[in-house]
Amino acid sequence: MSNEEIKKAEFLNACQEQFKEYKETVYSCTKPEEMQKLSSAFYKTIKLLSLKYYKEQQLPYEYRYLAQDIQRFENLFMPIEYITTIPNHNFSRLIDRPRSSKNHEAILDYIVDQTRNYLYEKLSLGDRYDQFEKFDLQDECLNASNFAFDCAVSMDVPAYEVVVYPCFKKNSGVMFGGAHVFLLVDIEDKRYLVDCTYSQFFIKSRCNLDRLGTPLLRGPSPGTFAKYDPLRQMVADTILSRGWIEFTSEVMKAYFDGFTLSIRNGLYYERTGDFSCKTPYDSIDYNNFLFGKDRIFNYERKEELGYQLKPLKDPAMKIRFKPNGGK
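My numbering puts the first residue of the sequence shown at 76, with every later residue one more than the last.
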């Protein structure tokens with residue numbers, strides 16, 4: 076083996092050993108505070124190992140398989156716990172099909188109730204053996220949106236499915252997958268956002284700030300950033316509870332800001348030192364991003380979005396986000 080091959084093998088083996096130890100300790104861990112310490116220590120070590128290896132050459136191609144395994148482990152084997160309260164949906168309450176086309180609340184509650192019942196039946200295989208809120212709704216957004224769309228159209232209510240791609244662009248080149256689908260509903264002169272799978276973004280294992288700065292791992296989910304802004308928190312709480320919210324320009328910004336913040340990787344924070352959890356974009360900007368009239372890449376550096384391709388210069392960089400956007 077060449078010297079380069081030996082160094083690569085040593086790096087990959089060291090990372091694999093850390094991951095193996097991490098998995099073993101997580102399986103036996105019962106206390107949330109201990110789980111957080113294990114996670115912090117694991118990611119700190121991976122960041123240090125990555126920097127040590129990267130000083131001489133690019134991270135090896137095989138490292139991406141390790142990153143995928145880490146992502147898969149946290150998605151499939153970590154317990155489904157949330158960073159905020161997810162209100163229980165009352166499935167015993169019968170919501171009749173609205174008779175009036177002017178009762179906005181009744182129409183939206185009916186669409187959400189029908190969609191949540193559909194998801195509950197699908198995920199529980201018709202058995203409903205556990206609370207609906209204990210099911211992970213990841214990868215169900217398209218199914219839910221399609222069902223809600225059909226439900227709205229059956230009542231002659233105009234509806235539109237919207238896809239949010241990473242960086243608001245299909246095939247943006249910064250991340251594989253990661254698109255989210257929700258529904259817009261027009262009733263008389265008002266527009267509403269309907270999102271029945273929003274809770275997926277508030278699962279603890281996906282809101283882990285320790286991930287930031289780790290090469291080739293997804294950053295924290297959009298829900299992570301709700302608590303750092305009062306309006307974002309209000310919007311999140313409303314959607315999680317009711318499944319819908321009036322789609323004002325302020326709500327639009329708050330909703331999409333979460334997706335923007337979640338796509339920024341550790342290089343952004345290392346370069347800017349900006350931990351305010353704010354974005355400069357408004358509803359007009361987001362509308363332009365969604366419809367291709369403008370690109371977020373015109374305002375943010377591409378290497379600081381999506382998968383982080385190189386290590387931080389300071390692997391010990393502290394994430395200093397504070398509630399309400401404080402610095």
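Even for Gly, the Cβ is constructed at its ideal location relative to N, Cα and C.
| Check | Outcome |
| --- | --- |
| 8 angstroms contact criterion, which Ser220 and Val187 should meet: CB distance rounded | Contact flag wrong, Cβ pair sits at about 12 angstroms. |
| Alpha carbon of Val326 to alpha carbon of Lys377, nearest angstrom | 26 angstroms |
| Contact under 7 angstroms by Cβ, Ile161 with Leu287 | no |
| Exposure of Lys402, with buried meaning 16 or more beta-carbon neighbours within 10 Å | Residue placement at Lys402 is poorly supported in this model, since its pLDDT is 43, which falls under 50; the coordinates are not used for a value here. |
| Span separating the alpha-carbon of Ser358 from that of Phe300 | 18 angstroms |
| Local Cβ density within 10 Å of Asn373, reported as buried at 16 or more and exposed below that | exposed |
| Exposure of Tyr273, with buried meaning 16 or more beta-carbon neighbours within 10 Å | buried |
| Proximity below 7 angstroms, CB of Leu380 to CB of Gly341 | no |
| Distance CB(Leu284)-CB(Ile394) smaller than 7 angstroms | yes |
| Sub-7 angstroms separation of Met250 and Tyr382 beta-carbons | yes |
| Helix, strand or coil at Arg346 [DSSP, three-state] | helix |
| Start and end residues, beta strand (DSSP E) containing Lys320 | The residue asked about is misnamed: residue 320 is Ile in this sequence, not Lys. Note, Ile320: beta strand (DSSP E), 319-321. |
| Spatial distance of Leu365 from Arg346 (CA atoms) | 27 angstroms |
| Identity of the residue in Arg174, Leu183, Glu215, His179 nearest Tyr193 by Cα | Glu215 |
| Ala391 (DSSP reduced to helix, strand or coil) | coil |
| Check whether Pro135 and Lys83 have beta carbons under 7 angstroms apart | yes |
| Closest by C-alpha distance to Gln241, when choosing among Phe224, Ser337, Tyr330, Glu180 | Here residue 241 is Pro; the residue named in the question, Gln, does not match the sequence. Residue Ser337 is the option with its Cα nearest to Pro241. |
| Status (buried if at least 16 other CB within 10 Å, exposed otherwise) for Arg174 | exposed |
| Among Leu151, Tyr235, Lys112, Tyr356, the one whose alpha carbon lies nearest that of Phe210 | Leu151 |
| Helix, strand or coil at Asp188 [DSSP, three-state] | helix |
| Where the beta strand (DSSP E) containing Glu379 begins and where it ends | Note, Glu379: premise wrong, no beta strand (DSSP E); not H, not E. |
| Inter-residue spacing [alpha-carbon to alpha-carbon] between Ala329 and Phe277 | 15 angstroms |
| Cβ-based neighbour list, Gln93, same chain, cut-off 8 angstroms, excluding 5 preceding and 5 following | Phe117, Thr120, Ile121, Leu124 |
| Residue burial classification, Leu212 (beta-carbon count within 10 angstroms, cutoff 16) | buried |
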